[in-house]
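Novice: Below you will find the structure I want to go over with you.
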Amino acid sequence: MYNLLKGKKGIIFGALDPLSMAWKIAERAHEEGAIFTLSNTPVAIRFGELNELAKKCNAEIIPADATNLEELYTVFRRSLEIMDGKVDFVLHSIGMSLNVRKKITYDDLDYNYYAKTLDISAISFHKMLQVAYKLDAIKEWGSVVALSYIAAQRTLFRYNDMADAKAMLESIARSFGYIYGREKKVRINTISQSPTLTTAGKGVRGIDALIDFTERMSPLGNADADDLANYCITLFSDLTKKVTMQNLFHDGGFSNMGMSAKAMHVYNKSLENCEDCN
Ligand SMILES: NC(=O)c1ccc[n+]([C@@H]2O[C@H](COP(=O)([O-])OP(=O)(O)OC[C@H]3O[C@@H](n4cnc5c(N)ncnc54)[C@H](O)[C@@H]3O)[C@@H](O)[C@H]2O)c1
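Those letters in the sequence shown? Residues 43 to 320, per my numbering, in order.
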């Protein structure tokens, strides 16, 4: 432990169960000396395991649907009250697509679901930032991080409308990052993480094959949730004060690869029988 977050206060959105990225980040933030509140939807709190994390980290849970502005105001107001002042960091670790869940393909999108995907997975980030900004809830040199995926830049089979949501999420980090940086010295970044087996990750059909592919393609191998938690702590800490408006790839080098020897080895073995290729 480095005490990197000693005395820092934060809000962590999106921990559901011990596999969640937000769960690992909360555990590491606690180890590094931070105090924080936790938030998730009432349904997630009922069916997930957030109470266990709250106990372990001595954190209060504030329920909220992150698409609901009033509920977001409650999370920020209550957090400031509990922690007796402004926060230093906020984590947005939220994503969901009913089109993905219901296996609806991108050329047949249900537009109500599509709007929900964007609202939950991207616009909620804007809402969170707007609420924080209006309440002046984040200290100078505070840090906000949201979790993204490389499907924002490159097309990945079956990632579907979540790709559009991630592109929007990253754009919001830049657009709000300019204003929040200029006016309040608050930094806003997204981390583009390797595919990881979480509840949301498992919702993407074929995630096992994808994880194998990216593992073979990445010179350092996939980044797992523990690696992500470590990286995220550095972004919440004072060691990265001038990093803002960035999409930071945290993927073992995958994003800059074209073909690796390990992937070529597998590709050479199976050139036939691709049912989904057209
Ligand atoms: N797992 C991966 O492969 C992967 C890779 C890159 C980025 N990400 C991103 O990481 C983030 C966290 O996902 P995860 O993989 O830890 O899965 P997860 O299922 O543990 O977390 C997703 C969270 O979003 C919450 N959520 C859904 N709808 C919400 C709403 N309306 N309001 C508030 N919260 C809501 C869920 O309750 C859950 O806690 C997501 O943004 C995801 O897209 C995941």
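Where is the CB? At the ideal position from N, CA and C, for every residue including glycine.
Taking L290 and S234 to be in contact with their CB atoms under 8 Å, please state how far apart those CB atoms are, rounded to whole angstroms.
Specialist: 7 Å
Novice: Where are the beta strand (DSSP E) runs, 3 residues long or more, that stay fully inside the region 188-237, in chain order?
Specialist: 229-235
Novice: Give me the Cα-Cα distance between S213 and T109, rounded to the nearest whole angstrom.
Specialist: 18 Å
Novice: Enumerate in chain order the residues of its own chain whose CB-to-CB distance from A271 is below 6 Å, with the five nearest sequence positions on each side excluded.
Specialist: If we look at A271 and ignore the five residues flanking it on each side, its Cβ neighbours are K66, I67 and R70.
Novice: Report yes if the C-beta of Q235 is less than 7 Å from at least one heavy atom of ligand 1; otherwise report no.
Specialist: yes
Novice: Look at the alpha carbon of V246 and the alpha carbon of L151, and state the distance between them as a whole number of angstroms.
Specialist: As the crow flies, the alpha-carbon of V246 is around 16 Å from that of L151.
Novice: For N82, which option in M43, I104 and K181 has the closest C-alpha, if you only look at C-alpha atoms?
Specialist: I104
Novice: Ligand 1 and G56: does any heavy atom of the ligand fall closer than 7 Å to the residue's C-beta?
Specialist: yes
Novice: Taking the alpha-carbon positions, what's the R258 to S121 distance?
Specialist: 42 Å
Novice: Is any non-hydrogen atom of ligand 1 found closer than 7 Å to the C-beta of G243, if you look at the structure I gave you?
Specialist: Under cutoff, so the answer is yes.
Novice: Measuring only from the beta carbon, is G294 closer than 7 Å to any heavy atom that is part of ligand 1?
Specialist: Ligand 1 never approaches G294 closely enough for any of its heavy atoms to be under 7 Å from the residue's Cβ.
Novice: Let me check understanding here. Comparing Cα to Cα, which of G300, F255 and D266 lies closest to V308?
Specialist: F255
Novice: Take every Cβ of the region 217-233, pair it with every Cβ of the region 279-290, and state whether three or more of those distances are shorter than 8 Å.
Specialist: yes
Novice: Output needed for A169: all residues of its chain with C-beta closer than 6 Å, excluding positions within five of it in sequence on either side, in chain order.
Specialist: Per the sequence shown, the amino acid found at residue 169 is Lys instead of Ala. The answer, listed in chain order, is L111 and L114.
Novice: Pick out whichever of F78, V85 and P84 has its Cα sitting closest to the Cα of A323.
Specialist: This structure cannot speak to residue 323, because the chain is shown only from 43 to 320.
Novice: If you reduce the DSSP assignment to three classes, tell me which class K311 lands in.
Specialist: helix
Novice: Just reading off the beta strand (DSSP E) that L290 is part of, what are its end residues?
Specialist: N289 to H292
Novice: Measuring alpha carbon to alpha carbon, tell me which of A76, K48, F89 and G75 ends up nearest D59.
Specialist: F89
Novice: Got a sec, what are the start and stop residues for the alpha helix (DSSP H) L95 sits in?
Specialist: Following the DSSP letters along the chain, one finds L95 inside the alpha helix (DSSP H) bounded by residues L92 to C99.
Novice: Would you tell me roughly how many angstroms separate the C-alpha atoms of D266 and L239, rounded to the nearest one?
Specialist: Distance between the alpha carbons of D266 and L239: 9 Å.
Novice: Alpha carbon to alpha carbon, how far is K145 from G248? Give it in angstroms, no decimals.
Specialist: G248 and K145: Cα-Cα distance of roughly 12 Å.
Novice: On a CA-only basis, which of K97, D149 and A164 is nearest A194? Give me that one, please.
Specialist: A164
Novice: Are the CB atoms of L211 and F278 nearer to each other than 8 Å?
Specialist: no
Novice: Between the alpha carbons of I221 and N231, how many angstroms are there, rounded?
Specialist: 13 Å
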